[in-house]
Amino acid sequence: MPRNSKATPQDATLTPSRAAEVAPADLLQPIIRRTQTQIEPMMQLIVFPLGREEYAIRIGQVKEITVTPEIARMPRTPPFLRGVANIRGELIAVIDLEERFQMTRAADVANAAADPRTYTLVVEAADYAIGLLVSAMPLATTVPVALLERAPDFLQTLPSIHDKYVEGFIRLPDSDRVIILLDLLRLLRPEEILQLPDPAAVSKPIGVARRK
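Just so we're aligned: the sequence shown equals residues -17 to 194 in the working numbering.
So this is what it looks like as structure tokens:
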């Protein structure tokens, strides 16, 4: 290069092909992995225990999470429908998911002593806002979409929760944990939604508010 010539910006550009020439492949792998991680599709979930398993719903389906308020029992309703509650001025039907799925409650005396409260996830389902009752504080997490696996074929043939309500399974890497992702759009059968109490039939100003 002549003495008075200057390097152009192109000369300093480190293209992938040039990087391969000047840097060993093993040094480039961490950079490649970080780039892949940055562009990998992710999904945000709310995770909570049901029975002895971990379940999740997509965070976009959750309106709010609150300590379960006082619940008004309703006559002639399904066993899993605990009743209705007034949550921030909105009248919400509260469903016990463990009862809904006929699960045996996990006996955890230590956790019960530390936090005897239950929590309600207010979610959007059909034309209603519905409260999902869980026994422990739900937690938010973010996982790669690639970790979501569809339910095994043999489970899809069974007349069970997996046949109707499970979107898929998430196996966390470097762990034995498996999170079951619920499909909220199919969480309630249409005939069960019709059984939700009518606020007009309640003497007190507590009921299920149909969303506008």
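Just so you know, even glycine gets a beta-carbon here, dropped at the ideal spot from N, CA and C. Bear in mind that the values here come from a model prediction, so they are computed numbers and not experimental data.
Below-8 angstroms beta-carbon distance, residue i vs any chain D residue
| i | result |
| --- | --- |
| residue 151 | Judged by its chain identifiers, the structure shown contains no chain D, having just a single protein chain. |
Close beta carbons around residue i, own chain, < 7 angstroms, minus the five adjacent residues each side
| i | result |
| --- | --- |
| residue 166 | 39, 43, 105, 107 |
| residue 147 | 164, 165, 168, 169 |
| residue 82 | 62 |
| residue 156 | none |
| residue 196 | The structure shown does not extend to residue 196, since the chain spans only -17 to 194, so no value can be given for it. |
Same chain only: Cβ atoms within 8 angstroms of residue i, ignoring 5 sequence neighbours per side
| i | result |
| --- | --- |
| residue 69 | 46, 48, 51, 102, 104, 113 |
| residue 36 | 29, 30, 159, 160, 161, 162 |
| residue 93 | At residue 93, the pLDDT of 47 sits below 50, so the modelled position is not reliable; the number obtained from the coordinates is stated separately. 118. |
| residue 55 | 64, 65 |
| residue 57 | none |
Those residues which DSSP pairs with residue i across a bridge
| i | result |
| --- | --- |
| residue 122 | 28 |
| residue 113 | 76, 104 |
| residue 153 | 160 |
| residue 40 | 27 |
| residue 131 | 151 |
| residue 33 | Its beta-bridge partners do not exist; DSSP assigns none. |
| residue 69 | 72 |
Among the options, the one whose alpha carbon lies nearest that of residue i
| i | options | result |
| --- | --- | --- |
| residue 62 | 122, 54, 76, 53 | 76 |
| residue 80 | 129, 122, 33 | 33 |
| residue 149 | 53, 71, 130 | 130 |
| residue 127 | 151, 67, 57 | 151 |
| residue 71 | 78, 100, 41, 111 | 111 |
| residue 41 | 54, 156, 122, 133 | 122 |
| residue 85 | 116, 132, 67, 55 | 116 |
Close Cβ partners of residue i (< 6 angstroms) along its chain, the five nearest in sequence each way excluded
| i | result |
| --- | --- |
| residue 124 | 24, 26 |
| residue 53 | 64, 65, 67, 76 |
Exposure label - residue i; buried when at least 16 CB within 10 Å
| i | result |
| --- | --- |
| residue 73 | buried |
| residue 120 | buried |
| residue 154 | exposed |
| residue 21 | exposed |
| residue 99 | exposed |
| residue 64 | buried |
| residue 78 | buried |
Three-state class that DSSP yields for residue i in the structure shown
| i | result |
| --- | --- |
| residue 47 | strand |
| residue 21 | helix |
| residue 190 | For residue 190, the predicted structure reports a pLDDT of 42, less than 50, and the residue's modelled location is therefore unreliable. A value from the coordinates is still provided. Residue 190: coil per DSSP, three-state reduction. |
| residue 63 | strand |
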